[in-house]
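Undergrad: Listed in order, the protein sequences are those of chains S and X.
Mapping of the first sequence onto numbering that gives the first Met the number 0: residues 0 to 312, in sequence order.
Mapping of the second sequence onto numbering that gives the first Met the number 0: residues 0 to 199, in sequence order.
First the structure, which I've put down as structure tokens, then a few questions once you've had a look.
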Amino acid sequence: MARRLIDNERVIMQKVERAEITPSEAIRYIYGHDQNTDGINSLEIAEAQKELLSLIGLENIKKLVEELQAYINIQQRRKMEGMAHDGMTLHMIFKGNPGTGKTTVARLLGKMLHGMGLLRIGHTVEVERADLVGEYIGHTAQKVREQVKRALGGILFIDEAYSLSRGGERDFGKEAIDTLVKEMEDNKDDLVAILAGYKDEMDYFMRMNPGLRSRFPIQMEFRDYTLDELVRIADLMFDKRQYSLLPDARNKLYVLLAGKQSNMDQRMGNARLVRNIVENAIRKQAVRLHKQGSISKEDLIVIRKEDIEEVDV
Amino acid sequence: MKTCVLIGKPNVGKTLLLLNLAKFLGNKTIKLHFMDADGNSMAKVYDIEVAKRYLCGRQPYSTMGLQWIRMNAGCQYIELVDTTGLIGDAVEPTTLRKAMAQTISFIKNASLLLHIIDATSLPSQPLPVDDIDVVLSHIFGGNDNYVMLINKIDLVDRADDILGKGAKAFNVNSDKIICVSALNKAGFKGIIDYINAQKG
Chain S
0 MARRLIDNER VIMQKVERAE ITPSEAIRYI YGHDQNTDGI NSLEIAEAQK ELLSLIGLEN
60 IKKLVEELQA YINIQQRRKM EGMAHDGMTL HMIFKGNPGT GKTTVARLLG KMLHGMGLLR
120 IGHTVEVERA DLVGEYIGHT AQKVREQVKR ALGGILFIDE AYSLSRGGER DFGKEAIDTL
180 VKEMEDNKDD LVAILAGYKD EMDYFMRMNP GLRSRFPIQM EFRDYTLDEL VRIADLMFDK
240 RQYSLLPDAR NKLYVLLAGK QSNMDQRMGN ARLVRNIVEN AIRKQAVRLH KQGSISKEDL
300 IVIRKEDIEE VDV
Chain X
0 MKTCVLIGKP NVGKTLLLLN LAKFLGNKTI KLHFMDADGN SMAKVYDIEV AKRYLCGRQP
60 YSTMGLQWIR MNAGCQYIEL VDTTGLIGDA VEPTTLRKAM AQTISFIKNA SLLLHIIDAT
120 SLPSQPLPVD DIDVVLSHIF GGNDNYVMLI NKIDLVDRAD DILGKGAKAF NVNSDKIICV
180 SALNKAGFKG IIDYINAQKG
């Protein structure tokens with residue numbers, strides 16, 4: 000048995016002890032047939048999958064990831080059987096408003112691709128224009144190469160990628176794109192690049208840089224969360240932190256989010272807005288309890304209507 | 000020495016099978032080795048009948064850890080290992096999960112895996128894929144060193160085709176299934192023959 004499997008086994012046993020996985024899953028992970036395929040870590044894949052499925056909403060993304068997984072699996076099998084197979088270009092475009100889950104999904108994909116043996120490390124390096132574009136000639140290429148080097152074996156996630164083609168002809172953004180494309184070619188088996196940003200801006204960006212389209216064959220569109228999804232996200236956030244919303248507090252949250260949504264400000268930040276409201280509510284509750292005389296165990300858990308208030312994103 | 004490992008759900012009769020197999024092979028007293036999930040071990044000599052009273056329970060999870068007897072199986076010495084009953088879902092308390100983890104991890108040491116199924120609860124409907132018996136038979140059922148023992152046949156109707164039912168329910172080749180009764184020692188010769196026929 001390979002050494003990797005033995006290390007893996009210890010981790011799996013700890014997970015059984017902590018009730019994070021069931022005995023059935025443990026047996027499958029340790030003795031299951033897919034473990035015999037070198038480099039594939041079904042536990043890691045399953046974990047990433049589980050985490051992805053536990054995310055609220057994102058139904059189209061979940062489906063796309065499943066398709067992607069199936070595609071990779073089959074290409075790997077074909078390769079093993081010595082058949083013709085795709086070289087598998089896995090660079091992606093993520094389109095969507097802030098707070099719609101792009102970074103979260105990128106991180107999970109890193110983990111998943113690592114589990115599938117396609118990325119050496121599976122980490123995600125998040126960068127934006129300022130990390131890539133330099134101030135003088137030659138500086139930009141050097142900066143891009145540096146970031147690519149950090150991301151090798153994992154995912155290079157470029158947020159607001161469209162801003163690279165901002166600033167016109169004499170801007171170094173163009174140089175950043177060119178260097179990035181070259182680096183992607185040079186490291187094609189060791190890097191997945193994700194360009195992310197608002198839908199309209201990204202569409203325009205891709206039209207302006209037609210050469211990029213074929214290099215980024217996978218496109219995922221992150222839709223805004225619905226009101227119900229946002230409230231469920233808030234509930235989950237409170238739950239994870241061991242707090243609980245009273246019904247009238249949830250109503251207030253609902254009304255507050257509805258107001259934000261009807262303002263049609265698509266840049267209000269979706270899940271990020273929710274997180275800010277949740278964190279603010281937790282602080283408000285603490286202040287409220289601090290002023291109160293005796294505090295019961297229930298008081299510590301309950302979030303009341305007055306704790307929920309509007310915050311800036 | 001061959002390591003023959005008894006695995007299966009709680010209360011399918013693993014411990015009784017261990018002790019009665021020892022008795023079947025001509026032992027009256029046995030030296031029982033025990034190791035708990037933390038790795039502490041001890042050994043004690045028992046009269047088999049006394050051991051049965053102590054160790055075989057009507058409650059599930061009478062065995063928490065590994066316990067084994069070395070014995071002469073006719074033409075060779077074997078080590079017969081009784082394990083913690085496994086179920087598909089996570090259970091309380093932690094000590095029990097720990098004992099299950101120990102058993103799962105121990106499976107890899109088996110030269111022969113004896114998977115015990117309760118004849119009285121053979122499913123007529125397909126079982127869920129995460130059922131522990133489904134997982135065990137699916138993963139190990141094709142291996143040369145696997146045998147399924149359908150126990151408690153003393154409790155079922157003789158006319159019932161237990162072997163066929165088991166083969167169908169778990170998709171295991173019927174020549175890898177032996178119907179036994181840990182209580183009245185039916186089928187024991189078949190088990191010993193199977194062990195001795197194993198290579199290695």
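C-beta atoms are modelled at their ideal positions from N, C-alpha and C, and glycine is treated no differently.
The model shown is predicted, which means the values in this text are computed figures rather than measured ones.
1. Along the stretch 62 to 93 of chain X, what residues have a CB closer than 7 Å to any CB found in chain S?
2. Measuring alpha carbon to alpha carbon, tell me which of X:Gly-73, X:Gly-84 and X:Ser-120 ends up nearest Cys-55 (chain X).
3. State the beta-bridge partners of Leu-79 (chain X) as determined by DSSP.
4. Whole-angstrom Cβ separation of Ile-149 (chain X) and Val-179 (chain X), contact assumed at under 8 Å?
5. Taking DSSP as the reference, what is the three-state secondary structure of Ile-193 (chain S)?
6. What ranges does the alpha helix (DSSP H) occupy inside the stretch 3 to 65 of chain X, keeping only unbroken runs of at least 4 residues that lie completely in it?
7. Name the chain S residues whose beta carbon is nearer than 9 Å to that of Asp-129 (chain X)?
8. For a contact meaning CB atoms closer than 8 Å, what does Gly-31 (chain S) contact in chain X?
9. Roughly how many angstroms separate the alpha carbons of Leu-256 (chain S) and Tyr-70 (chain S), rounded to a whole number?
10. Can you tell which of S:Val-180, S:Val-273, S:Gln-218 and S:Gly-172 has its C-alpha closest to the C-alpha of Glu-66 (chain S)?
11. For a contact meaning CB atoms closer than 7 Å, what does Met-99 (chain X) contact in chain S?
12. Comparing alpha-carbon positions, which option in X:Ser-136, X:Thr-62, X:Tyr-45 and X:Tyr-53 lies nearest Asp-35 (chain X)?
13. Buried or exposed: which applies to Met-0 (chain S), given that a residue is buried once 16 or more other Cβ atoms fall within 10 Å of its Cβ?
14. Out of X:Val-128, X:Asp-132, X:Leu-112 and X:Leu-111, which has the shortest C-alpha to C-alpha gap to Leu-121 (chain X)?
15. Taking only runs of the alpha helix (DSSP H) that begin and end inside the stretch 179 to 231 of chain S, which ones reach a length of at least 4 residues, in chain order?
16. Taking 8 Å as the threshold (beta carbon to beta carbon), is Met-183 (chain S) in contact with chain X?
17. Give, in chain order, every residue of the stretch 143 to 157 of chain X whose Cβ lies closer than 7 Å to some Cβ of chain S.
18. Out of S:Leu-190, S:Tyr-224, S:Lys-198 and S:Ile-232, which one is the CA nearest neighbour of Arg-214 (chain S)?
19. Phe-93 (chain S) bridges to which residues according to DSSP?
20. Roughly how many whole angstroms lie between the Cα atoms of Asn-172 (chain X) and Tyr-145 (chain X)?
21. Determine the closest residue to Thr-28 (chain X) out of X:Leu-15, X:Val-49 and X:Asp-129, with distance taken between C-alpha atoms.
22. Thr-99 (chain S): buried (16+ other C-beta within 10 angstroms of its C-beta) or exposed?
23. Going by DSSP, what residue range makes up the alpha helix (DSSP H) through Glu-46 (chain S)?
24. CB-CB under 8 Å to Asn-35 (chain S), same chain, minus the five flanking residues each way: which ones, in chain order?
25. Name, please, each residue of chain X whose Cβ falls closer than 9 Å to the Cβ of Met-12 (chain S).
26. What would DSSP say about Met-147 (chain X), mapped onto helix, strand or coil?
27. Let's test the definition: count the other Cβ atoms within 10 Å of the Cβ of Thr-225 (chain S) and tell me whether it reaches 16, buried, or not, exposed.
28. So Ala-18 (chain S) contacts chain X; which residues on that side make the cut at Cβ distance below 9 Å?
29. With distances taken between CB atoms, is the gap from Phe-171 (chain S) to Phe-93 (chain S) smaller than 8 Å?
30. Could you please give the first and the last residue of the uninterrupted beta strand (DSSP E) stretch that includes Arg-156 (chain S)?
31. Have a look at Glu-135 (chain S) and Val-147 (chain S) and give me their C-alpha separation to the nearest angstrom.
32. Below 6 Å CB to CB, which residues in the same chain sit around Lys-304 (chain S) once its five sequence neighbours on both sides are set aside?
33. Measure the C-alpha to C-alpha separation of Ala-270 (chain S) and Ser-136 (chain X) and round it to an integer number of angstroms.
34. Since Val-212 (chain X) meets chain S, which of its residues come closer than 8 Å, beta carbon to beta carbon?
35. Quick check on DSSP: helix, strand or coil for Arg-2 (chain S)?
36. Would you mind giving the Cβ-Cβ distance between Phe-105 (chain X) and Thr-82 (chain X), rounded to the nearest angstrom? I have them listed as a contact below 8 Å.
TA: According to the structure data:
1. Leu-85, Ile-86, Gly-87, Asp-88, Ala-89 and Thr-93
2. By one-based count along the second sequence, residue 55 (chain X) stands at place 56. When only C-alpha atoms are compared, the closest one is X:Gly-84.
3. Counting from 1 along the second sequence, the entry for residue 79 (chain X) is found at position 80. X:Cys-3 and X:Ile-68.
4. Counting from one through the second sequence, the residue named residue 149 (chain X) turns up at place 150. Counting from one through the second sequence, the residue named residue 179 (chain X) turns up at place 180. Between Ile-149 (chain X) and Val-179 (chain X) a beta carbon distance of about 7 Å is seen, short of the 8 Å cut, so the two are scored as contacting.
5. Within the first sequence, residue 193 (chain S) is the residue found at index 194, counting from 1. Strand at Ile-193 (chain S).
6. Within the stretch 3 to 65 of chain X, the complete alpha helix (DSSP H) runs of at least 4 residues are 13 to 23 and 47 to 54.
7. The residue labelled residue 129 (chain X) in the question sits at position 130 within the second sequence. Here the neighbours are Thr-21, Ser-23, Glu-24 and Arg-27.
8. Numbered from its first residue, the first sequence carries residue 31 (chain S) at position 32. Ile-138, listed in chain order.
9. Working through the first sequence from its first residue, we reach residue 256 (chain S) at position 257. Working through the first sequence from its first residue, we reach residue 70 (chain S) at position 71. Between the alpha carbons of Leu-256 (chain S) and Tyr-70 (chain S) lies a gap of roughly 38 Å.
10. Within the first sequence, the letter at position 67 stands for residue 66 (chain S). Put simply, of S:Val-180, S:Val-273, S:Gln-218 and S:Gly-172 the residue whose alpha carbon is nearest the alpha carbon of Glu-66 (chain S) is S:Gln-218.
11. Taking the first residue of the second sequence as position 1, residue 99 (chain X) is located at position 100. The contacting residues are Val-15 and Pro-22.
12. One-based indexing of the second sequence puts residue 35 (chain X) at position 36. Closest option to Asp-35 (chain X), Cα to Cα, is X:Thr-62.
13. Counted from its first residue, the first sequence places residue 0 (chain S) at position 1. Only weak support exists for where Met-0 (chain S) lies, its pLDDT of 37 falling under 50; the coordinates are left without a value.
14. For the purposes of this step, residue 121 (chain X) is taken as residue 122 along the second sequence, with counting starting at 1. Considering only alpha carbons, the answer is X:Asp-132.
15. 198 to 207 and 209 to 212
16. Mapped onto the first sequence, residue 183 (chain S) falls at position 184. No, Met-183 (chain S) lies away from the interface with chain X (no Cβ there is under 8 Å from its Cβ).
17. Taking 7 Å as the Cβ-Cβ cut-off against chain S, none of the residues of the stretch 143 to 157 of chain X qualify.
18. Indexing the first sequence from 1 puts residue 214 (chain S) at position 215. That would be S:Leu-190, whose Cα lies nearest to the Cα of Arg-214 (chain S).
19. Indexing the first sequence from 1 puts residue 93 (chain S) at position 94. Beta-bridge partners assigned by DSSP to Phe-93 (chain S): S:Ala-195 and S:Met-219.
20. By one-based count along the second sequence, residue 172 (chain X) stands at place 173. By one-based count along the second sequence, residue 145 (chain X) stands at place 146. Rounded to the nearest angstrom, the two C-alpha atoms are 11 Å apart.
21. Position 29 of the second sequence holds residue 28 (chain X). The shortest C-alpha separation from Thr-28 (chain X) is found at X:Val-49.
22. The count along the first sequence starts at 1 and reaches residue 99 (chain S) at position 100. Flag for Thr-99 (chain S) reads buried.
23. Counting from one through the first sequence, the residue named residue 46 (chain S) turns up at place 47. Start and end: 41 to 53.
24. For the purposes of this step, residue 35 (chain S) is taken as the residue at position 36 of the first sequence. Low confidence applies here, because Asn-35 (chain S) scores a pLDDT of 42, under 50, leaving its location unreliable and the question unanswered by this model.
25. Sequence index remark: in the first sequence, residue 12 (chain S) carries index 13 (1-based). Those within 9 Å of Met-12 (chain S) in chain X are Lys-97, Ala-100, Gln-101, Ile-103 and Ser-104.
26. Indexing the second sequence from 1 puts residue 147 (chain X) at position 148. Note: Met-147 (chain X) maps to strand in three-state DSSP.
27. Position 226 of the first sequence, counted from the first residue, corresponds to residue 225 (chain S). Thr-225 (chain S) is exposed by the Cβ-count criterion.
28. Taking the first sequence and counting its residues from 1, the one referred to as residue 18 (chain S) is at position 19. From the beta-carbon of Ala-18 (chain S), the residues of chain X found nearer than 9 Å are Ala-89, Val-90, Glu-91, Thr-93 and Arg-96.
29. Taking the first residue of the first sequence as position 1, residue 171 (chain S) is located at position 172. Taking the first residue of the first sequence as position 1, residue 93 (chain S) is located at position 94. No, they are not a contact pair.
30. Locating residue 156 (chain S) in the first sequence gives position 157, counting from the first residue. For clarity, residue 156 (chain S) is Phe in the given sequence; the question names Arg instead. Element bounds for Phe-156 (chain S): 154 to 157.
31. Within the first sequence, residue 135 (chain S) is the residue found at index 136, counting from 1. Within the first sequence, residue 147 (chain S) is the residue found at index 148, counting from 1. Strictly speaking, residue 135 (chain S) in this sequence is Tyr, with Glu absent from that position. Tyr-135 (chain S) and Val-147 (chain S) have their C-alpha atoms some 19 Å from each other.
32. For the purposes of this step, residue 304 (chain S) is taken as residue 305 along the first sequence, with counting starting at 1. Here the set comprises Asp-247, Ala-248 and Lys-251.
33. The residue you call residue 270 (chain S) lines up with position 271 of the first sequence. The residue you call residue 136 (chain X) lines up with position 137 of the second sequence. Cα-Cα distance, rounded: 45 Å.
34. Residue 212 (chain X) is absent from the structure shown; chain X starts at 0 and stops at 199.
35. Walking along the first sequence from the start, residue 2 (chain S) turns up at place 3. Per-residue confidence for Arg-2 (chain S) stands at a pLDDT of 41, beneath the threshold of 50, marking its modelled position as unreliable; no derived number is given.
36. Residue mapping note: residue 105 (chain X) aligns to position 106 of the second sequence, counting from 1. Residue mapping note: residue 82 (chain X) aligns to position 83 of the second sequence, counting from 1. That pair is a contact at about 7 Å.
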